[in-house]
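Step one of this worksheet: look at the structure below.
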Amino acid sequence: MRLDPFSFFPITNPVAMRKLGGVIADASEPSSVIYLQGDLGAGKTTLVRGFLRSLGYLGHVRSPTFNLFEVYQIKTKVICHFDLYRLTNPEELIYIGISDYFTEKNICLIEWPEHGKGFLQPADLVCKFNFIPGKRGRDVEIIATSSKGRRMLKKIIQKKDV
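The structure is reproduced here in structure tokens:
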């Protein structure tokens, strides 16, 4: 039996994925930690693009696969986007100073969090990207794993028209 609140969001195209990213950004609170889990090409970075654009970021948003992370200063917010796909040993996170990014004001979006197990802050929200067999598109399951995450998920569900 699942104890944490969750919701499914059907996504049929990149525009809908970016819109969901914007809805999540609007619901985010300072110090939020959001895990993004799914196969390659599932839309994790596309969701992050929508997240950043909705906050007013106008620059290029690239997947930080090769340098592990990108930090975006947007007005008074700091968004840290981690992509741990190429991480070979979770202890490498110590050397990049990952704990310095989990602050009271930063919002951290983490792709492939399972590669950093034991060295990451617990998630407030977990977004699981699932391809829909036999159909185009995917489902994004959003799971709240903290009281902050539950508040955020409630706001996301209220704007569920993605």
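Numbering that gives the first Met the number 0 puts the first residue of the sequence shown at 0, with every later residue one more than the last. Note that beta-carbon positions come from the ideal geometry of N, C-alpha and C, so glycine has one too. This structure is a prediction, so every number in the text was calculated from the model and none was measured.
Could you have a look at residue i and say whether DSSP puts it in helix, strand or coil?
{"i": "residue 82", "result": "strand"}
{"i": "residue 61", "result": "coil"}
{"i": "residue 132", "result": "coil"}
{"i": "residue 7", "result": "strand"}
{"i": "residue 56", "result": "coil"}
{"i": "residue 69", "result": "strand"}
Drop a sphere of 10 angstroms on the beta-carbon of residue i, count the other beta-carbons inside from all chains shown, and report buried for 16 or more, exposed for fewer.
{"i": "residue 146", "result": "exposed"}
{"i": "residue 94", "result": "exposed"}
{"i": "residue 36", "result": "buried"}
{"i": "residue 59", "result": "exposed"}
Thinking just about the alpha-carbon of each residue, which of the options is nearest to the one in residue i?
{"i": "residue 123", "options": "61, 93, 107", "result": "107"}
{"i": "residue 151", "options": "85, 89, 33, 129", "result": "33"}
Is residue j closer than 8 Å to residue i when the C-beta atoms are compared?
{"i": "residue 114", "j": "residue 67", "result": "no"}
{"i": "residue 148", "j": "residue 9", "result": "no"}
{"i": "residue 144", "j": "residue 121", "result": "yes"}
{"i": "residue 20", "j": "residue 48", "result": "yes"}
{"i": "residue 73", "j": "residue 54", "result": "yes"}
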